[in-house]
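These notes concern the structure reproduced below.
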Amino acid sequence: MDKDKIIAELNRHKKLPYLDYRLKQETEDFTDTLFYTLFDANTPVAVNLELLENKFNQLMDMACWDLEKPNEELWNNYVSHLPQILENLNLDAEAILNCDPASLSLQEIYMAYPGFYAIAIYRLAHELYEEGVPLIPRMMTEYAHRQTGVDINPGAKIGKSFFIDHATGVVIGETAIIHDNVKIYQGVTLGALYVAKNLEKTKRHPTIENNVTIYANATILGGETVVGANSVIGGNAWITESVPPNSTVYHKPEIKIKTAPNV
Numbered sequence: 075m076d077k078d079k080i081i082a083e084l085n086r087h088k089k090l091p092y093l094d095y096r097l098k099q100e101t102e103d104f105t106d107t108l109f110y111t112l113f114d115a116n117t118p119v120a121v122n123l124e125l126l127e128n129k130f131n132q133l134m135d136m137a138c139w140d141l142e143k144p145n146e147e148l149w150n151n152y153v154s155h156l157p158q159i160l161e162n163l164n165l166d167a168e169a170i171l172n173c174d175p176a177s178l179s180l181q182e183i184y185m186a187y188p189g190f191y192a193i194a195i196y197r198l199a200h201e202l203y204e205e206g207v208p209l210i211p212r213m214m215t216e217y218a219h220r221q222t223g224v225d226i227n228p229g230a231k232i233g234k235s236f237f238i239d240h241a242t243g244v245v246i247g248e249t250a251i252i253h254d255n256v257k258i259y260q261g262v263t264l265g266a267l268y269v270a271k272n273l274e275k276t277k278r279h280p281t282i283e284n285n286v287t288i289y290a291n292a293t294i295l296g297g298e299t300v301v302g303a304n305s306v307i308g309g310n311a312w313i314t315e316s317v318p319p320n321s322t323v324y325h326k327p328e329i330k331i332k333t334a335p336n337v
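Here is the structure:
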C-alpha cells in the first residue's frame with residue numbers, strides 16, 4: 075500500500091477544500107443555547123444574548139460569507155424578532171395542550187413533545203432565513219429533523235397555533251404556506267409534484283388555509299394546490315388538486331378477507 079499516494083488521491087478528490095464541519099457543530103450548539111435562552115427558567119436571558127451574539131459572529135466568520143448587511147445589523151434585526159417568535163411558540167404550545175387529550179401540562183409539551191421542539195427550531199431558523207442568512211437556518215432545522223423525525227424547511231411560512239402530533243415522518247417543503255390553527259399528524263407530506271432544479275424559484279408546495287386538520291400519512295402535493303379553510307384531510311389521502319373550504323377528503327380502503335379452506 076502506497077500511503078502517500080492514497081493521501082494525495084483523497085486530497086485531490088475533496089471537492090470543497092474550505093468545507094469546515096466545525097460550522098455544523100457550532101450551529102447545533104448555537105441552536106441549543108438559543109432554545110434554552112427562550113425557555114429554560116434557569117438560563118439568564120441578558121447573559122445568553124451576549125453569548126449568542128458572539129456565537130453568531132463566529133458562525134458567520136467561519137463560513138467567510140460576504141453579505142450585504144454586516145453581522146451586527148443582522149443580529150440586531152434577529153434579536154428584535156425574538157419576543158414575537160416566543161409569543162408564537164407559546165401559542166403553539168397552548169394549541170397542543172388544547173388539542174391533545176394525552177397532554178397533561180404545558181411543561182410536558184415544552185420538554186417532551188417532539189412536534190413542539192421541531193416547530194420551535196423552525197420558527198427560530200425561519201427568521202434567519204428571512205434575514206438572508208445562508209446555510210445556518212437549514213442546518214438548524216436539519217438538527218431538529220435528526221432529533222424528531224420532522225423535516226421542516228426554514229423557508230416554509232407557518233401561521234399561529236400550529237400543532238404537529240406524534241411528529242415522526244412529517245415533511246414540509248420550502249415554499250409551503252400554512253395558515254393559522256392547523257393540525258397535522260405523523261407521516262404527513264406537504265411536497266412538490268415535480269423535482270427539477272429549474273423550479274427553484276417557483277412555488278412548489280401547497281397552501282393550507284385556516285383551521286385545517288390533516289391526518290396521518292396524507293400526502294398533499296403541488297404549488298397550486300390549496301386546501302380550503304375548515305377542511306379535514308383523512309389518513310393516507312393523496313391530493314394533487316385544490317380542495318374547497320369545509321371539505322372532508324378521505325381514502326376509502328378496500329378490505330378483502332380470505333378464508334382458508336377447511337376452516
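The sequence shown runs 75 to 337 under the working numbering.
Glycine included, every Cβ here is placed at the ideal spot set by N, Cα and C.
Under the three-state DSSP convention, the category residue i falls into
{"i": "residue 264", "result": "strand"}
{"i": "residue 225", "result": "strand"}
{"i": "residue 80", "result": "helix"}
{"i": "residue 273", "result": "helix"}
{"i": "residue 331", "result": "coil"}
{"i": "residue 281", "result": "strand"}
{"i": "residue 215", "result": "helix"}
Which listed residue (the options) has its alpha carbon closest to that of residue i
{"i": "residue 287", "options": "257, 275, 261, 90", "result": "257"}
{"i": "residue 147", "options": "158, 159, 131", "result": "131"}
{"i": "residue 277", "options": "268, 292, 297", "result": "297"}
{"i": "residue 283", "options": "140, 158, 235", "result": "235"}
{"i": "residue 153", "options": "200, 275, 324, 329", "result": "200"}
{"i": "residue 93", "options": "137, 330, 76, 292", "result": "137"}
{"i": "residue 229", "options": "174, 198, 259, 314", "result": "198"}
{"i": "residue 261", "options": "254, 240, 279, 219", "result": "240"}
{"i": "residue 280", "options": "247, 273, 173", "result": "247"}
{"i": "residue 169", "options": "231, 238, 227", "result": "238"}
{"i": "residue 321", "options": "312, 314, 327, 304", "result": "304"}
{"i": "residue 233", "options": "244, 243, 251, 207", "result": "251"}
{"i": "residue 324", "options": "158, 330, 140, 290", "result": "290"}
{"i": "residue 207", "options": "149, 109, 331", "result": "149"}
{"i": "residue 314", "options": "96, 333, 267, 85", "result": "267"}
{"i": "residue 171", "options": "183, 163, 192", "result": "183"}
{"i": "residue 145", "options": "75, 162, 127, 159", "result": "127"}
{"i": "residue 159", "options": "134, 308, 112", "result": "112"}
{"i": "residue 319", "options": "78, 300, 191, 249", "result": "300"}
{"i": "residue 210", "options": "79, 259, 76, 134", "result": "134"}
DSSP beta-bridge partners of residue i
{"i": "residue 288", "result": "258, 307"}
{"i": "residue 237", "result": "257"}
{"i": "residue 295", "result": "265"}
{"i": "residue 252", "result": "232, 282"}
{"i": "residue 244", "result": "In the DSSP output, where bridge partners are listed per residue, residue 244 has none listed."}
{"i": "residue 322", "result": "306"}
{"i": "residue 210", "result": "Residue 210 is not bridged to any residue."}
Residue i CB to nearest heavy atom of the ligand PLP below 7 Å
{"i": "residue 248", "result": "No copy of the ligand PLP appears in this structure; indeed no ligand is present at all."}
Cβ of residue i within 8 Å of any chain C Cβ
{"i": "residue 286", "result": "The structure shown has no chain C; it contains just one protein chain."}
| request: Please go through the segment 98-161 and give each complete alpha helix (DSSP H) segment of 4 or more residues, from N-terminal end onward. | output: 119-137
| What alpha helix (DSSP H) runs, 4 residues minimum, are completely inside the segment 169-199? | 180-186
| said: Under 8 Å: do the segment 180-189 and the segment 202-214 share three or more Cβ pairs, one atom per stretch? | reply: no
| field | Sufficient close CB pairs (3 or more, under 8 Å) joining the segment 214-222 to the segment 90-108 | value | yes
| query | Three or more beta-carbon pairs under 8 Å between the segment 173-181 and the segment 216-234, yes or no? | reply | no
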